[in-house]
Amino acid sequence: MKIYPERKFVIRFEDTTRFAIATNDYNPRYFKEIDERPVMVPPMFGVVYSGGSIADPIRDPELDIDLIRLLHWAHDMRFLSEVRIGDTITSRAYIKEIGQLKNMDLICIRVNCWNQKGDAVLEEEGIFIVRKGVYERKERRELFRISNKDERQCVIDEIIPVYEEQAKWYAEASGDRNPVHLDRDFARSAGFREPILHGLCTMSFVARAIIDEYLDSEPYRLKRLKVEFSNPVFPGDFLRMLAWRGETLEKVEILHIEVERDGRRIVKNGVAEVLPATI
């Protein structure tokens, strides 16, 4: 298990609001004090203050990862305590696993984050696969089918627009400037018809919908979000997010999540853990 150096990040209001806007999230709690609560930080901003650490293994010359063949396969974030404007967050990554998935190389990166008081604020895992070749369209069409859930049981059913400049906005706000999201020639060399949206931007759309539509716009009630990315998202797409209520475990409600576009899954096996309103 290789452990990487610690990184520090200071939480600034201008950075958190830029991230919120880049992910189409206008929850007023991110912009001003409400009900005597200080300005809040979007939970998914964790991908920004941990971003340098999660990139360390990807950029590690010993691993020699080819970005053209790299795909973000899954992501899991556990929000342990609230992050405040002015906090200094320390993050550190380590490689949890290197293995194989359907003849592709797989790497699981774990990042732990804590604040200046030593309190843990985020546990994060990103799973990436390194393909043997380009991402062929035929393979995508065989992989994705919408599950047969009763839409009447949905607690969230929302259409999410992806704007033409979304990837650029997200890259600027998050610091993730992987050229597969910004450069047409690079994206085509990786097997895509045009630059694709960051998976973590799609995940941020999901978090926003959960908080706004199910948690009364109270971000602190989102305790975990886990997704698997099934299909690329392109500028101009319209996504449909569906969520179903699952079981309740130790005072935490479970939501099951899918995101689709034109009958094909974008996010599958999504799980959110949320605090009920009475907690």
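For the sequence shown, the positions run -6 to 272 when this note's numbering is used. The C-beta atom is built at its ideal place from N, Cα and C for all residues, glycine as well.
Query, Result
"Contacts around residue 202, its chain only, beta-carbon distance under 8 Å, and the 5 residues preceding and following it disregarded", "149, 151, 153, 234 and 236"
"Beta strand (DSSP E) runs contained entirely in the segment 31 to 105, provided each spans 3 or more residues", "63 to 72 and 81 to 94"
"Other residues of its chain near residue 0: CB distance less than 6 Å, five sequence neighbours each side excluded", "45, 46 and 84"
"Range of the contiguous beta strand (DSSP E) that encloses residue 179", "Residue 179 -> not in any beta strand (DSSP E); alpha helix (DSSP H) instead, spanning 177 to 182."
"Among 51, 37 and 62, the one whose alpha carbon lies nearest that of residue 74", "37"
"Residues near residue 125 by beta carbon distance below 7 Å, same chain, minus five either side", "96 and 97"
"Distance between residue 249 and residue 67 (C-alpha atoms, nearest Å)", "15 Å"
"Beta strand (DSSP E) segment containing residue 119, residue limits", "113 to 123"
"Cα-Cα separation, residue 35 to residue 15", "12 Å"
"Same chain only: Cβ atoms within 7 Å of residue 27, ignoring 5 sequence neighbours per side", "21"
"Cα-Cα separation between residue 156 and residue 162, rounded to whole angstroms", "10 Å"
"Segments of 4+ residues assigned as alpha helix (DSSP H) that fall wholly inside the segment 175 to 234", "177 to 182 and 192 to 206"
"Proximity of residue 106 and residue 23 at Cβ, strictly below 8 Å", "no"
"Backbone secondary structure at residue 14 - three-state DSSP", "helix"
"Alpha-carbon to alpha-carbon, residue 158 and residue 219", "26 Å"
"Beta-carbon gap between residue 214 and residue 252 smaller than 8 Å", "no"
"Residue burial classification, residue 187 (beta-carbon count within 10 angstroms, cutoff 16)", "exposed"
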